[in-house]
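Student:
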Amino acid sequence: MTQAPLPKAHVRCQLNGQPVEFLADQHMSLLEVLREVLDLTGTKEGCNDGNCGACTVSMDGRIVDSCLVLAPEVDGRTIETIEGMAPPGGLHPLQRSFLEEAALQCGICTPGFLISAKALLEREPDADEHRIRHWLAGNLCRCTGYDKIVRAVLRAETAMAPKAAAGRTRRKKSA
Amino acid sequence: MTSKTGSKKSESKKTGAERKFRVVGTRPIRHDGWDKVLGRAVFGADIKLPGLVHGAVLRSPYAHARIVKIDLSKAEAAPGVLAVMTGADMPIAASKVLDLGEEVTNAVFASDRVMARTKAVYKGHPVAAVAAVDHNVALEALRLIEVSYEVLPHVVTIEQAMAPGAPLVHDDLVGSDIGERVEHTNVADHIRYEVGDPEAAFAEAATIVELECRVSRAHQGYIEPQNATALWHQDGKLTVWTSTQGSFSQRNSLSSVLMMPASSIKVVPMEIGGGFGGKIGIYLEPLAAILSRKCGHPVKLVMERRDVFDATGPGPGGIIRVKMGVDAHGVITAATADIRYGAGAYPGASINPAAVCVFACYRVPNARIDAYDVVINLSKTAAYRAPGSPQASFATETVVDEICRRIGMDPAEFRLLNATRGGDRRTDGPTFPRIGNVETVEAIRGSAHYRAKLGRASSPTKKRGRGMASGYWQGIGNKSTVTINVNNDGVVSLIEGSADIGGTRTSIAMQAAEILGIAAEDVHPAVVDTDSIGYTDLTAGSRTTYATGAAAIQAAEQVVEEMKKRAALVWETDEANVRFADGVFTNGAAKNQHLTFKELCGKLDTTGGHVSTTGVVNIRGSGGGSFATHLVDVEVDTDTGKVEILRYTAAQDAGKAVHPAYVEGQMEGGAVQGIGWALNEEYVVGDDGVMQNATFLDYRMPTSLDVPMIDTIIVEVPNERHPFGVRGIGETCIVPPMPAISNALRDALGVRLTELPMKPGRIMAALQAQAGP
Amino acid sequence: MHPFRYVAAGSIDEAVAVLREHGARARPLAGGTDILAQLRAGRFELDALVDVKGVPEASALRLGRDGLDIGAAVPCYRIYEDPDVSAAYPGIVDAASLIGGIQIQSRATIGGNLCNAAPSADSIGPLIVHAAAVTLAGPAGTRTVPVDSFCTAPGRTVLGEDELAVSIHVPRPPARFGAAYERFIPRNEMDIAVVGVACAVVLDRSGERIESARIALASVGPTPIVAAKAAASLVGGPPSADAFRAAGEVAADEASPIDDMRGTIGHRRDLVRVLTRRTLERAVQRASGGTASGNTGRGTR
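Chains as they are written, first to last, in my numbering: chain A, 1172 to 1346; chain B, 157 to 929; chain C, 19 to 319.
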């Protein structure tokens, strides 16, 4: 510790729909910034090496493990975390279906699963069971055995289907 | 992977007389659910406090090494470092048995385990800790601590530890060999249970099968690492915020290790990200406390994943030999078991529960069970979901399957013929009360899965098989406290001390709601700290919904009694005239006088003030425990050894399922944890005594893509010891998967896998051995 | 973790200047999925990380007449989500779509996978059979190295301390070309190859004879192994099951696996046999105009 400390990085980004500005050590991860600097502790740390998905956030519309993103890298980016998922006073349909299907037990992996599942349904609103399992494989859950999580995502698909399609056979996604 | 999807209702098998339930058996949204899906729930690592500083722990890189010297001077002088501690800062704990419910240890061992004093006995053993202004400064300061070690020879397998002349993990360990004192040993304990004359019975048996099975130690794999935040107050009191399965057992452990009165310690249970038995013991809490005492700040410690694998307690690995004999009709006449578990660096490898469970599913008139608790230079094992049962039952259930093949009997028929029933003696002594063993086998035999054809394999190199296995966990009862405060608006607050790891706020609140005749949503549960509720044992041993539920029922019944008095005051009638049913108080002495629970709550202030009651229970035993039977279909690629789980059905006795969705959730989660242990999960320990696969990348827990939907059948054989018949169900579900899969592989391939995990390379080696040179 | 500077380079020259300044104590940062985990695990320490995602040449994915240029900082998803690339470079797309999970694929790059030089790297074999070459930039300018001679040992490459990988050029495959990559992992996703096999074949006009073939093996040696003899055994012969099986036997001999926590020597040789056969079947199907590329979470994986 002989050398002078490095200057902090000055970062501006969009976070959950709001412009945010912060200072962080240059070696800090986005996960550390969210939890320690911005007090957004809904994003969880499970392994800190990209193998559990508990820290999943959306960056410019794609899901990433926030433990593997450096704080200065998010300058100018758009980040969405679990804290920004629900409309004010309400729940996102996935959050509701997770509750209705009892898709969480301890709840530590839940924010990561919700962010991942949301990204899937935004791309593929008709994803089948296999596709859901494939997409969510980067998120580990040790309590549920995944059964109820997969059911919750399928249930949210139904809830999120366009009203026009209600009562009719649902639109099949073109190949 | 083709499983049925859509909204799920598990099949339910009911047995016996039924009480009519209004709330129990329904599926309300859990009370803590909104906070958890919104990211608001505060888990251990999420806590923020004024003046909070961060710590880090220096750990031994060696499995066994004497600590010659520790030089802290550079670390202490580093900018931003607030406190540094070593084993020299730990009080000398007095020898005292710590019975934590599912885990029993000695305070001396617990103290030495959290911070080494003279020697490190496992890789990852803490040797020093630092508190600093931020986490990275603390981590960097660790690199300035100079430790000189004298590396000692280590033992990491049971064979190494039991070999003559083996290096001793503890020079002063005194072992017990069936009550005989043994010095200079790594075998901390050898226990024996015996009934009848097994040798004579074997001599007359028509068929005998004996297998030696090997089981790797396996980690609970909770996603949330251990954490602790402590503030040592200037007045000598201590507050600890931690993710723990039991705040009171945590307080007891801390009291013994820090040598301070339990009443001076307040443990605040945070939301807990999984435990499965692994978050009963103390790890970081005493270190955070001592660092806080030294620096005057609250100190937070959070483990890294590598340390969770290296230095917390997984379930023990073991070598289990089971021999079983049957007569010409397939009736079991004798069985013996030799169970050896690697406890890790301190005694306590759940050998007693192993002995309880190993033959619990079967009537065994002549039996002997030997079990050995062996210390090795790996982290001390801990409880892991039905601690001790899965390893031992793996041997029993594979032996049973071999017997069925040998004598040509259907495995369900064999189980029905030999299953223990109420009134039978468990091999270790006690007599079973009413239990649901037979019923789970019948449930599987009656399932659509059992009747379905296995179907043709998806390619010529693949083979399919089906396997069945049963399992048992006895569970515990013990102490719980619940306070109910009745509010004027008809909503009640339910205060409890049970950590909620998987929805128990709701399953306990539902039991109170059932008694009070109100909706589950009108009970507001809160899990509070050790200063704010009466003593409550840990969330483990499948006890919480059962025992804390019973306390909630008791508190609710007291509320009803008090409320009857209030109704009598309102109606100016004798209390004996007031009846209460389905949430409505009626005056038996007058027509049309009735008040709902809520209406009467509105009159509390004018009838003597608020109502507050407390239920206190100390229940002996679980009421018989819970049995399960699982059925699995596998497909094996004989080119690669890879196993796919095609279909899985789990049947288990829940006594009475309070919240069926969370009962299913336990059964599904336990099955998948078992699938992981069966196929891939293991500690790969190198010759250096270091675990090589200490990441979630290489400790291969199942992903969502590795498993199918898990079909569940909830069997309900009421528990005579619980007012609603509830049984604890959280643990049994991890017992059957490993043998069920071994049995399915036997069916598919004609070879018997006796070693866990049954990983692809091992399956290929077995196939090649079968094919011959 | 030892504190380091984060430098976002806007050009090759800027990046090279930082690498020159710090020597071995600086490294380029692309997706970061390997290097950040390694830094945290204390495998090494750095004084600076140079983010090359802002370097235009490193972030371009260009499909031209002469082939495909994959900037070293292009994340996997951009490769497999591009339908034209998927159609023309099936072996590379197979690899890009099975590294890590979806989160990792948002960040991880083929360039990073190559420079990390793990023996188990999923993308290196496919690059080799696609005859790819990597362009390196340093103080003395740029140079191009064929991928099959890029790795020198586990975690080691020909890259100098002050050099960085800028982009990877994959020549346009000839007509009747097919390639495939398969790996064996114990789980179905989020795992490291116990063995990986990449194959490429070119069929003759009749489609009944193999004109040329390349085979590369992962996780069975200190570096990716080019199974030249196995490939040569196929040339001139029919794309038959027997030929594939024979090639698998030869490839198993060319492998030099070790026992480690992820697999045994024996199991790995078995897997080389099996995966060589299976990968050749898929490569030939693709050369004949069949089967799409990419990882759907089904198959050997």
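By construction, the Cβ of each residue, glycine as well, lies at the ideal position given by its N, Cα and C atoms.
Under the assumption that residue 186/B contacts residue 662/B (Cβ atoms under 8 Å), give the Cβ distance between them as a whole number of angstroms.
Tutor: Here residue 186/B is taken as the residue at index 30 of the second sequence, counted from 1. Here residue 662/B is taken as the residue at index 506 of the second sequence, counted from 1. The Cβ separation is near 4 Å, so the contact holds.
Student: Taking 8 Å as the CB-CB limit, is residue 1313/A close to chain B?
Tutor: Position 142 of the first sequence, counted from the first residue, corresponds to residue 1313/A. True, the Cβ-Cβ gap to chain B drops below 8 Å.
Student: Check whether chain A comes within 8 Å of residue 456/B, counting only Cβ atoms and requiring the distance to be less than that.
Tutor: In the second sequence, residue 456/B corresponds to position 300, counting from 1. So no, residue 456/B is outside the interface.
Student: CB residue 548/B to CB residue 513/B, shorter than 8 Å?
Tutor: The residue you call residue 548/B lines up with position 392 of the second sequence. The residue you call residue 513/B lines up with position 357 of the second sequence. Yes, they are a contact pair.
Student: Quick check on this structure: which residue in 790/B, 793/B, 789/B, 785/B has the alpha carbon closest to the alpha carbon of residue 826/B?
Tutor: The sequence position of residue 826/B within the second sequence is 670, counting from 1. When only C-alpha atoms are compared, the closest one is 785/B.
Student: Using a Cβ cut-off of 7 Å, which residues of the stretch 851-866 of chain B contact any Cβ in chain A, in chain order?
Tutor: If the cut-off is 7 Å between Cβ atoms, the stretch 851-866 of chain B has 851, 852, 853, 857, 859, 860, 861, 863, 865, 866 near chain A.
Student: Compare the C-beta of residue 1297/A with all C-beta atoms of chain B and state if any pair is closer than 8 Å.
Tutor: To locate residue 1297/A, count along the first sequence from 1; it is residue 126. With 8 Å as the cut-off, residue 1297/A does not count as an interface residue toward chain B.
Student: Who are the near neighbours of residue 160/B in its chain, counting only those whose CB is closer than 6 Å to its CB and skipping five residues on each side?
Tutor: As a first step, residue 160/B is located in the second sequence; it is residue number 4 there, counting from the start. Note that residue 160/B scores a pLDDT of 38, beneath 50, so its modelled location is shaky; the value from the coordinates is reported in the next line. Answer for residue 160/B: no residue qualifies.
Student: Count Cβ pairs between the stretch 729-744 of chain B and the stretch 683-695 of chain B that sit closer than 8 Å; are there 3 or more?
Tutor: No: fewer than three Cβ pairs fall under 8 Å.
Student: Can you grab the Cα-Cα spacing for the pair residue 205/C / residue 263/C, in whole Å?
Tutor: Along the third sequence, one-based indexing puts residue 205/C at 187. Along the third sequence, one-based indexing puts residue 263/C at 245. Rounded to whole angstroms, residue 205/C to residue 263/C spans 25 Å at the Cα level.
Student: Given a cut-off of 8 Å, decide if residue 372/B and residue 838/B are closer than it, judged by their beta-carbon atoms.
Tutor: Mapped onto the second sequence, residue 838/B falls at position 682. Mapped onto the second sequence, residue 372/B falls at position 216. The answer is yes: Cβ separation under 8 Å.
Student: Between 1311/A, 1277/A, 1263/A, 1212/A, which lies nearest to residue 1326/A when the distance is taken from Cα to Cα?
Tutor: On the first sequence, residue 1326/A is found 155 positions in, with the first residue counted as 1. Of the candidates 1311/A, 1277/A, 1263/A, 1212/A, the one whose C-alpha sits nearest the C-alpha of residue 1326/A is 1263/A.
Student: Can you confirm whether residue 829/B, when its beta carbon is compared against all beta carbons of chain A, has any partner nearer than 8 Å?
Tutor: To locate residue 829/B, count along the second sequence from 1; it is residue 673. Yes, residue 829/B lies at the interface with chain A (some Cβ there is under 8 Å from its Cβ).
Student: Could you give the first and the last residue of the continuous alpha helix (DSSP H) run that contains residue 916/B?
Tutor: In the second sequence, residue 916/B corresponds to position 760, counting from 1. 916-927 is the extent of the alpha helix (DSSP H) around residue 916/B.
Student: In the DSSP output, what is residue 15/C paired with across the bridge?
Tutor: This structure cannot speak to residue 15/C, because chain C is shown only from 19 to 319.
Student: Please classify residue 225/B as buried or exposed, where buried requires at least 16 neighbouring CB atoms within 10 angstroms.
Tutor: Translated into positions along the second sequence, residue 225/B becomes position 69. Counting Cβ neighbours within 10 Å, residue 225/B comes out exposed, since fewer than 16 surround it.
Student: Pull out every residue of the stretch 763-777 of chain B whose Cβ sits closer than 7 Å to any Cβ of chain A, in chain order.
Tutor: Against chain A - using a Cβ distance shorter than 7 Å - the stretch 763-777 of chain B contributes no residues.
Student: Secondary structure at residue 162/B, three-state DSSP: helix, strand or coil?
Tutor: Taking the first residue of the second sequence as 1, we reach residue 162/B at position 6. Reliability fails at residue 162/B, whose pLDDT of 38 lies under 50, so the model's placement of it is uncertain and no value is given.
Student: Checking 8 Å against the spacing of the C-beta atoms, do residue 34/C and residue 196/C come in under that value?
Tutor: To locate residue 34/C, count along the third sequence from 1; it is residue 16. To locate residue 196/C, count along the third sequence from 1; it is residue 178. No, the Cβ-Cβ distance between residue 34/C and residue 196/C is not below 8 Å.
Student: Against residue 1197/A, what residues of chain C qualify as contacts under a CB-to-CB distance less than 8 Å, listed in chain order?
Tutor: Stepping through the first sequence from its first residue, residue 1197/A is reached at position 26. By Cβ distance, chain C contributes 21, 22, 23, 24.
Student: Which residues in chain A sit within 9 Å of residue 201/B, going by Cβ to Cβ distance?
Tutor: Taking the second sequence and counting its residues from 1, the one referred to as residue 201/B is at position 45. Those within 9 Å of residue 201/B in chain A are 1206, 1212, 1215, 1216.
Student: Exposed or buried, residue 870/B, counting other C-beta atoms within 10 Å across all chains shown (16 or more means buried)?
Tutor: If you number the second sequence from 1, residue 870/B lands on position 714. By the 10 Å Cβ count, residue 870/B comes out buried.
Student: In whole angstroms, give me the CA-to-CA distance for residue 820/B and residue 1306/A.
Tutor: Counting from 1 along the second sequence, the entry for residue 820/B is found at position 664. Counting from 1 along the first sequence, the entry for residue 1306/A is found at position 135. Computed Cα separation, rounded: 24 Å.
Student: Do the stretch 441-461 of chain B and the stretch 231-249 of chain B touch if we need at least three Cβ pairs shorter than 8 Å?
Tutor: With the cut-off at 8 Å, the stretch 441-461 of chain B and the stretch 231-249 of chain B touch.
Student: Tell me whether residue 698/B is buried or exposed, calling it buried when 16 or more other Cβ atoms sit within 10 Å of its Cβ.
Tutor: Here residue 698/B refers to the residue found at position 542 of the second sequence. By the 10 Å Cβ count, residue 698/B comes out buried.
Student: Could one say the Cβ of residue 28/C lies closer than 8 Å to chain A's Cβ atoms, at least one of them?
Tutor: Against the third sequence, residue 28/C aligns to sequence position 10. No, its Cβ sits nowhere closer than 8 Å to a Cβ of chain A.
Student: With DSSP run on the structure shown, which of helix, strand or coil describes residue 681/B?
Tutor: Counting from 1 along the second sequence, the entry for residue 681/B is found at position 525. DSSP places residue 681/B in strand when its eight states are reduced to three.
Student: Tell me whether the stretch 55-69 of chain C and the stretch 174-181 of chain C touch, counting them as touching only if at least three CB pairs, one residue from each stretch, are closer than 8 Å.
Tutor: At 8 Å Cβ cutoff, the stretches do not touch.
Student: In whole angstroms, what is the alpha-carbon distance linking residue 922/B and residue 796/B?
Tutor: Residue mapping note: residue 922/B aligns to position 766 of the second sequence, counting from 1. Residue mapping note: residue 796/B aligns to position 640 of the second sequence, counting from 1. Rounded to the nearest angstrom, the two C-alpha atoms are 12 Å apart.
Student: I think residue 48/C touches residue 184/C, with their Cβ atoms under 8 Å apart; what is that distance to the nearest whole Å?
Tutor: Locating residue 48/C in the third sequence gives position 30, counting from the first residue. Locating residue 184/C in the third sequence gives position 166, counting from the first residue. At roughly 11 Å, the Cβ-Cβ gap does not stay under 8 Å, so residue 48/C and residue 184/C are not in contact.
Student: Quick check on DSSP: helix, strand or coil for residue 794/B?
Tutor: For the purposes of this step, residue 794/B is taken as the residue at position 638 of the second sequence. Residue state, collapsed to three classes: coil.
Student: Verify the CB distance criterion: does residue 210/C have a CB-CB separation below 8 Å to chain B?
Tutor: If you number the third sequence from 1, residue 210/C lands on position 192. For residue 210/C, the answer is yes, since a Cβ of chain B falls inside 8 Å of its Cβ.
Student: Quick check on residue 605/B: does DSSP put it in helix, strand or coil?
Tutor: One-based indexing of the second sequence puts residue 605/B at position 449. DSSP places residue 605/B in helix when its eight states are reduced to three.
Student: If we count Cβ pairs, one from each stretch, closer than 8 Å, do we get three or more for the stretch 524-539 of chain B versus the stretch 451-459 of chain B?
Tutor: Contact between the stretch 524-539 of chain B and the stretch 451-459 of chain B is absent, because fewer than three Cβ pairs lie under 8 Å.
Student: Given a cut-off of 8 Å on the beta-carbon distance, is the pair residue 713/B and residue 779/B in contact?
Tutor: The residue labelled residue 713/B in the question sits at position 557 within the second sequence. The residue labelled residue 779/B in the question sits at position 623 within the second sequence. Taking 8 Å as the Cβ cut-off, residue 713/B and residue 779/B do not qualify as a contacting pair.
Student: Are the CB atoms of residue 320/B and residue 523/B within a distance shorter than 8 Å?
Tutor: The residue given as residue 523/B occupies position 367 in the second sequence. The residue given as residue 320/B occupies position 164 in the second sequence. For residue 523/B and residue 320/B, no; Cβs fall outside 8 Å.
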